[in-house]
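Below is one structure, written out as structure tokens; comments come after it.
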Amino acid sequence: MYQQRLSLSDECFVKGTVERVIYYNRESGYGVCLFRVSESSEPVETEEVTVVGLMASPQEGLTYTCRGEWESHPRYGEQFRVKRMEQDMPRSREAVIKYLSSDLFPGIGPKTATKIVSELGDDALKKIVDNPELLQGIPGVSEEKAEMISDTVRQHTDFEQVMLLLYEYGIGSSLALKIYNTYKHDTLAVLKQNPYQLIYDIEGIGFARADAIGRETGIPKDAPERKKAAVLYVLSQAANGDGHVCLKMDELCEHVSKLLGADFDSDEWHERLRTFIYELDEEEKVVLDSDEEMVYLPSLYYSEQGLAKKLNWLLMQDKAEYPIDVVYRVIGELEEAFGVQFADEQRDALVTAACEPVMILTGGPGTGKTTVIRAICHLLSRLEEFSLDEADYRGSDKPYPVRLVAPTGRAAKRMSEATSLPAMTIHRLLGWRGDFFEHDADHPISGRLLIVDEASMMDMWLAYQLVRTVPEGMKVIFVGDADQLPSVGPGQVLHHMIESGRIPYVDLRYIFRQAEGSSIVSLAHEMKRGSLPDNILEPTDDRRFFPCDKDHVAPVAVKLVQQAMKRGYSIFDVQVLAPIYRGPAGIDLLNRELQQAINPRREGKRELTWGDSVFRLGDKVLQLSNHPEHPVYNGDIGKVIALDENVTDGICLWVRFDQTEVGYTRSQLNQLSLAYCISIHKAQGSEFPIVVLPVVQAYRRMLKRNLVYTAVTRAKAYLMLCGEVSALSDGVRKEGGFNRRSLLKDRLQRE
Numbered sequence: 002m003y004q005q006r007l008s009l010s011d012e013c014f015v016k017g018t019v020e021r022v023i024y025y026n027r028e029s030g031y032g033v034c035l036f037r038v039s040e041s042s043e044p045v046e047t048e049e050v051t052v053v054g055l056m057a058s059p060q061e062g063l064t065y066t067c068r069g070e071w072e073s074h075p076r077y078g079e080q081f082r083v084k085r086m087e088q089d090m091p092r093s094r095e096a097v098i099k100y101l102s103s104d105l106f107p108g109i110g111p112k113t114a115t116k117i118v119s120e121l122g123d124d125a126l127k128k129i130v131d132n133p134e135l136l137q138g139i140p141g142v143s144e145e146k147a148e149m150i151s152d153t154v155r156q157h158t159d160f161e162q163v164m165l166l167l168y169e170y171g172i173g174s175s176l177a178l179k180i181y182n183t184y185k186h187d188t189l190a191v192l193k194q195n196p197y198q199l200i201y202d203i204e205g206i207g208f209a210r211a212d213a214i215g216r217e218t219g220i221p222k223d224a225p226e227r228k229k230a231a232v233l234y235v236l237s238q239a240a241n242g243d244g245h246v247c248l249k250m251d252e253l254c255e256h257v258s259k260l261l262g263a264d265f266d267s268d269e270w271h272e273r274l275r276t277f278i279y280e281l282d283e284e285e286k287v288v289l290d291s292d293e294e295m296v297y298l299p300s301l302y303y304s305e306q307g308l309a310k311k312l313n314w315l316l317m318q319d320k321a322e323y324p325i326d327v328v329y330r331v332i333g334e335l336e337e338a339f340g341v342q343f344a345d346e347q348r349d350a351l352v353t354a355a356c357e358p359v360m361i362l363t364g365g366p367g368t369g370k371t372t373v374i375r376a377i378c379h380l381l382s383r384l385e386e387f388s389l390d391e392a393d394y395r396g397s398d399k400p401y402p403v404r405l406v407a408p409t410g411r412a413a414k415r416m417s418e419a420t421s422l423p424a425m426t427i428h429r430l431l432g433w434r435g436d437f438f439e440h441d442a443d444h445p446i447s448g449r450l451l452i453v454d455e456a457s458m459m460d461m462w463l464a465y466q467l468v469r470t471v472p473e474g475m476k477v478i479f480v481g482d483a484d485q486l487p488s489v490g491p492g493q494v495l496h497h498m499i500e501s502g503r504i505p506y507v508d509l510r511y512i513f514r515q516a517e518g519s520s521i522v523s524l525a526h527e528m529k530r531g532s533l534p535d536n537i538l539e540p541t542d543d544r545r546f547f548p549c550d551k552d553h554v555a556p557v558a559v560k561l562v563q564q565a566m567k568r569g570y571s572i573f574d575v576q577v578l579a580p581i582y583r584g585p586a587g588i589d590l591l592n593r594e595l596q597q598a599i600n601p602r603r604e605g606k607r608e609l610t611w612g613d614s615v616f617r618l619g620d621k622v623l624q625l626s627n628h629p630e631h632p633v634y635n636g637d638i639g640k641v642i643a644l645d646e647n648v649t650d651g652i653c654l655w656v657r658f659d660q661t662e663v664g665y666t667r668s669q670l671n672q673l674s675l676a677y678c679i680s681i682h683k684a685q686g687s688e689f690p691i692v693v694l695p696v697v698q699a700y701r702r703m704l705k706r707n708l709v710y711t712a713v714t715r716a717k718a719y720l721m722l723c724g725e726v727s728a729l730s731d732g733v734r735k736e737g738g739f740n741r742r743s744l745l746k747d748r749l750q751r752e
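Once you know that position 117 of the sequence shown is 118 in the working numbering, the rest is easy, because the numbers rise by one and skip nothing.
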């Protein structure tokens with residue numbers, strides 16, 4: 002047993018030499034190494050220990066001090082999880098020679114390394130950093146090799162300084178590594194000269210962290226870069242956090258003053274901030290709408306302005322002049338073909354769609370929106386005499402005339418299933434390639450009809466990207482439920498288009514007989530009015546409430562899911578929804594508990610650990626971002642069908658989605674999360690046979706009518722509520738989501 006040496010530090014650490022690099026990913030910085038221990042804060046049973054976690058290019062044969070904690074892995078046993086890892090630069094002659102002849106220095110073998118140390122001495126590394134020209138003239142060291150050696154030594158020296166500095170600023174290994182990988186040799190300069198640059202370049206660094214570094218490095222409180230960072234940060238947070246497209250000047254100054262500190266909270270400073278914001282406008286860092294004194298980030302200003310301009314252009318297009326008797330005759334033919342009888346408001350929607358170049362169609366559950374979408378396609382097909390059969394367009398240069406799109410893959414799939422027509426995501430239609438769209442104003446989409454379902458989910462930027470590609474002569478129809486959640490991103494596009502009064506608008510309100518018998522539908526419509534039915538606690542054929550407190554949400558949710566699966570439903574038929582990630586009733590805990598109950602660890606079952614996540618064969622997973630190489634998009638749900646925890650640089654995990662199978666490397670695993678429980682926002686645009694919805698007072702900050710309404714309307718066949726009735730009642734009474742700052746309505750009305 003290796004005996005511990007005494008250390009003055011109480012921090013848990015392991016010091017030793019890297020015997021073998023088992024795995025290392027340069028992109029993520031995650032590594033697994035076998036260490037030969039020379040010193041530790043606690044006794045270790047063997048001289049060799051496994052060290053895992055974030056580290057920077059560990060090299061075999063080099064010595065490191067790792068600070069972190071011991072953990073017991075169920076498969077790999079006792080290992081040390083590193084939080085901070087510092088390289089001990091070699092000091093002895095033998096250590097320096099071994100270092101210079103390591104894989105870090107290609108083309109430098111032991112002989113050349115020995116010559117360098119013989120020439121420069123045991124402190125060769127310090128001399129190389131201070132004066133790299135000393136390498137020139139040493140036999141076997143060309144000018145190119147000399148540059149490579151000095152760059153590598155300096156890089157490792159810089160890295161140590163950067164990491165130690167960032168640790169002092171309270172920044173953990175993951176962010177520190179991300180910062181270093183972004184700026185490399187310039188990291189120290191950025192940290193000392195303008196740490197506020199981190200806010201723009203590094204996800205996870207906000208104003209407070211950057212400002213703390215700024216204070217440490219002596220940046221003045223009224224420095225222009227500090228004020229600029231505060232202004233842009235407030236606008237960015239307002240957009241990404243609260244959904245505002247812009248802020249009023251006074252509102253912006255107030256928030257910026259609070260961020261900058263008490264010294265800036267005065268009328269005089271507010272005036273100086275206004276002047277500074279005008280200067281930022283002249284520099285095109287922000288855009289000021291002088292009429293309304295609203296301040297924008299440039300991308301949002303041009304998106305809002307461009308969307309309003311294109312919508313007004315579409316509204317000015319010629320209306321179709323079909324004889325009204327012909328339109329009604331075709332509507333009658335469709336009723337016979339579909340075996341339905343349209344309500345009066347559905348007929349109004351069909352006539353409006355036939356005649357107007359742009360329209361909005363809204364309605365709650367059970368009002369027949371999907372039936373109207375299908376009918377619109379067939380109505381225009383007959384009026385304009387084009388085929389809806391995809392086979393007629395194969396091998397032809399004629400484009401398919403109808404474009405059905407939705408913001409998410411699941412919503413597009415539902416649209417296609419309901420209409421028996423092809424549908425796709427907005428990103429796929431526009432040809433998303435990771436950082437640009439193939440289609441834009443100069444490269445429009447093709448077709449004669451564009452129908453956008455779940456339009457309430459479109460933020461300002463995406464709405465503009467879509468609408469600007471619409472060619473002359475193409476009808477555009479926006480479909481959605483105005484009472485659902487607004488978009489995750491900035492704007493309230495559907496709501497403000499309706500409010501403008503400029504776009505022809507039909508709201509479906511009649512609930513059809515087959516929907517009248519659904520207590521889910523009746524509950525949803527009761528919620529829209531801000532109340533709950535008196536019998537909310539009484540079980541119905543398709544709904545039930547299970548009272549419990551926040552600490553019992555997880556076991557109750559697990560039990561409800563297991564009961565549904567015993568009755569023949571698959572885990573993909575049952576979806577647990579929650580509004581927050583942390584806490585005893587949060588998404589993270591619910592996912593862990595559900596995974597343990599539904600797909601537990603078993604002897605011989607393959608699993609892969611990535612950070613705090615564990616993926617197992619058969620797991621239900623959620624795609625968190627758009628995957629341009631495959632038809633897989635943010636919000637899609639799939640199943641883990643293969644994985645190999647031993648793969649280092651290649652694909653280590655495969656997921657089957659509806660239309661494709663996608664492979665992921667370790668560095669891409671941050672695109673996935675468990676999907677046994679997902680957020681209500683992520684579920685928008687989807688429907689599930691069974692929804693389990695916890696609602697407790699622990700959620701109260703998030704609970705609003707549109708959030709609860711959106712969650713309830715995800716249930717197609719059965720809704721299982723669990724939690725506290727008071728929380729549900731409070732949430733339904735609280736309106737929310739209709740106060741986002743935007744001038745879209747005003748811009749539409751100005752024309």
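Where is the CB? At the ideal position from N, CA and C, for every residue including glycine.
Going along the chain, which residues of its own chain have a beta-carbon closer than 8 Å to the beta-carbon of Glu144, five neighbours each way excluded?
Position 143 of the sequence shown, counted from the first residue, corresponds to residue 144. Cβ within range, chain order: Gln137.
Rounded Cβ spacing between Glu646 and Leu704 (contact assumed at less than 8 Å):
For the purposes of this step, residue 646 is identified with residue 645 of the sequence shown, where counting begins at 1. For the purposes of this step, residue 704 is identified with residue 703 of the sequence shown, where counting begins at 1. Not a contact, Cβ separation roughly 40 Å.
Among His186, Gly474, Ala213 and Val693, which has the Cα closest to the Cα of Ser447?
Reading the sequence shown from its first residue, position 446 is the one you call residue 447. When only C-alpha atoms are compared, the closest one is Gly474.
Taking 8 Å as the threshold, find out whether the stretch 503 to 514 comes into contact with the stretch 393 to 403 through three or more Cβ pairs.
no
With three or more beta-carbon pairs closer than 8 Å as the criterion, would you say the stretch 329 to 340 touches the stretch 477 to 495?
no
In the DSSP assignment, the alpha helix (DSSP H) including Ser501 goes from what residue to what residue?
The sequence position of residue 501 within the sequence shown is 500, counting from 1. Run containing Ser501: Val494 to Ser501, per the alpha helix (DSSP H) assignment.
Mapping the DSSP letters down to three states, classify Met2 as helix, strand or coil.
Residue 2 sits at position 1 when you count from the first residue of the sequence shown. With a pLDDT of 32 at Met2, under the threshold of 50, the modelled position of that residue is not reliable, and the figure given next carries that caveat. In this structure, Met2 counts as coil in the three-state DSSP scheme.
Own chain residues within Cβ distance below 7 Å of Arg701, not counting five before or after:
Locating residue 701 in the sequence shown gives position 700, counting from the first residue. Scanning its chain for C-beta atoms nearer than 7 Å, with the 5 sequence neighbours on each side dropped, one finds around Arg701 the residues Ala728 and Asp731, in chain order.
Specify whether the stretch 96 to 107 and the stretch 47 to 66 touch according to this definition: at least 3 beta carbon pairs, one from each stretch, less than 8 Å apart.
yes
Residue of Leu351, Ala309, Leu316 and His553 minimising C-alpha distance to Val328
If you number the sequence shown from 1, residue 328 lands on position 327. Nearest of Leu351, Ala309, Leu316 and His553 to Val328, Cα basis: Leu351.
Note down, in chain order, each residue of its chain lying with its Cβ closer than 8 Å to the Cβ of Asp499, except the 5 sequence neighbours on either side.
To locate residue 499, count along the sequence shown from 1; it is residue 498. Residue identity differs from the one stated: residue 499 is Ile in this sequence, not Asp. Closer than 8 Å at Cβ, skipping near neighbours: Ile361, Thr363, Ala483 and Tyr506.
Cα-Cα separation, Asp550 to Val692
For the purposes of this step, residue 550 is taken as residue 549 along the sequence shown, with counting starting at 1. For the purposes of this step, residue 692 is taken as residue 691 along the sequence shown, with counting starting at 1. Their Cα atoms are separated by approximately 19 Å.
Three or more beta-carbon pairs under 8 Å between the stretch 148 to 159 and the stretch 175 to 194, yes or no?
yes
8 Å Cβ cutoff met for Thr426 and Pro408:
For this step, residue 426 is matched to residue 425 along the sequence shown. For this step, residue 408 is matched to residue 407 along the sequence shown. In this structure, Pro408 lies closer than 8 Å to Thr426 by Cβ.
Let me know the secondary structure DSSP gives Tyr665 once reduced to three states.
Translated into the one-based positions of the sequence shown, residue 665 becomes position 664. Looking at Tyr665 - three-state DSSP - the assignment turns out to be strand.
Check for me: the beta strand (DSSP E) holding Lys576 runs from which residue to which?
If you number the sequence shown from 1, residue 576 lands on position 575. For the record, residue 576 in the displayed sequence is Gln; it is not Lys. For Gln576, the enclosing beta strand (DSSP E) starts and ends at Val575 to Ala579.
Quick check: what's the CA-CA separation for Pro111 versus Ile638?
Here residue 111 refers to the residue found at position 110 of the sequence shown. Here residue 638 refers to the residue found at position 637 of the sequence shown. Looking at the backbone, the Cα of Pro111 and that of Ile638 are separated by about 53 Å.
Which value, in whole angstroms, describes the spacing of the CA atoms of Tyr677 and Gly686?
By one-based count along the sequence shown, residue 677 stands at place 676. By one-based count along the sequence shown, residue 686 stands at place 685. Their backbone Cα atoms lie some 17 Å apart in a straight line.
Kindly list the residues whose CB is nearer than 8 Å to the CB of Phe689, restricted to its own chain and excluding five residues on each side of it in sequence; keep chain order.
In the sequence shown, residue 689 corresponds to position 688, counting from 1. Within the same chain, Phe689 has close Cβ partners Asp574, Val575, Gln576, Arg715, Ala716 and Lys717.
Trp655 - partner residues in DSSP beta bridges
As a first step, residue 655 is located in the sequence shown; it is residue number 654 there, counting from the start. According to DSSP, Trp655 bridges with Ala643 and Gly664.
Determine, using beta carbons only, whether Cys34 and Val52 come nearer to each other than 8 Å.
For this step, residue 34 is matched to residue 33 along the sequence shown. For this step, residue 52 is matched to residue 51 along the sequence shown. Contact: yes.
Just reading off the alpha helix (DSSP H) that Phe208 is part of, what are its end residues?
Here residue 208 refers to the residue found at position 207 when the sequence shown is read from its first residue. If you look at Phe208, you'll find it in the alpha helix (DSSP H) that goes Phe208 to Glu217.
Taking the alpha helix (DSSP H) that Ser258 falls in, what are its first and last residues?
Here residue 258 is taken as the residue at index 257 of the sequence shown, counted from 1. Where Ser258 is concerned, the enclosing alpha helix (DSSP H) stretches over Met250 to Leu261.
Give me the Cα-Cα distance between Val709 and Asn740, rounded to the nearest whole angstrom.
Counting from 1 along the sequence shown, the entry for residue 709 is found at position 708. Counting from 1 along the sequence shown, the entry for residue 740 is found at position 739. Computed Cα separation, rounded: 18 Å.
Gln485 by DSSP, collapsed to three states: which one?
As a working mapping, residue 485 is identified with position 484 in the sequence shown. In the structure shown, Gln485 sits in coil (DSSP, three-state: anything other than H, G, I, E or B).
Give the range of the beta strand (DSSP E) segment to which Glu434 is assigned.
Locating residue 434 in the sequence shown gives position 433, where the first residue counts as 1. Before going further, note that residue 434 is Arg rather than Glu in the sequence given. It is not in any beta strand (DSSP E) - Arg434 carries neither H nor E in the DSSP assignment.
In angstroms, rounded to a whole number, what distance separates the CA positions of Met86 and Tyr25?
Working through the sequence shown from its first residue, we reach residue 86 at position 85. Working through the sequence shown from its first residue, we reach residue 25 at position 24. Rounded to the nearest angstrom, the two C-alpha atoms are 14 Å apart.
Residues sharing a beta bridge with Trp462, DSSP
To locate residue 462, count along the sequence shown from 1; it is residue 461. Note: Trp462 sits in no beta bridge, so no partner.
Can you tell me whether Val471 is helix, strand or coil according to DSSP?
Indexing the sequence shown from 1 puts residue 471 at position 470. Residue state, collapsed to three classes: coil.
Do you know how far the Cα of Tyr297 is from the Cα of Leu236?
For the purposes of this step, residue 236 is taken as the residue at position 235 of the sequence shown. For the purposes of this step, residue 297 is taken as the residue at position 296 of the sequence shown. Approximately 7 Å, taken between the alpha carbons.
Reference Val19; option with closest CA among Cys13, Ala57 and Ser42:
Sequence index remark: in the sequence shown, residue 19 carries index 18 (1-based). With distances taken between Cα atoms, Val19 lies closest to Ala57.
With Tyr181 as the anchor, note down where its alpha helix (DSSP H) starts and where it stops.
Reading the sequence shown from its first residue, position 180 is the one you call residue 181. Unbroken alpha helix (DSSP H) run through Tyr181: Ser174 to Tyr184.
Could you check the C-alpha separation between Arg94 and Glu604 for me, to the nearest Å?
As a first step, residue 94 is located in the sequence shown; it is residue number 93 there, counting from the start. As a first step, residue 604 is located in the sequence shown; it is residue number 603 there, counting from the start. When rounded, the distance between both Cα atoms is 49 Å.
To the nearest angstrom, how far is the alpha carbon of Glu1 from that of Gly78?
Since the displayed the chain opens at 2 and closes at 752, residue 1 lies outside it and no answer follows.
For His440, the three-state DSSP class (helix, strand or coil)
Taking the sequence shown and counting its residues from 1, the one referred to as residue 440 is at position 439. Note: His440 maps to coil in three-state DSSP.
Distance between Leu308 and Ile478 (C-alpha atoms, nearest Å)
Taking the first residue of the sequence shown as position 1, residue 478 is located at position 477. Taking the first residue of the sequence shown as position 1, residue 308 is located at position 307. Whole-angstrom Cα-Cα distance: 15 Å.
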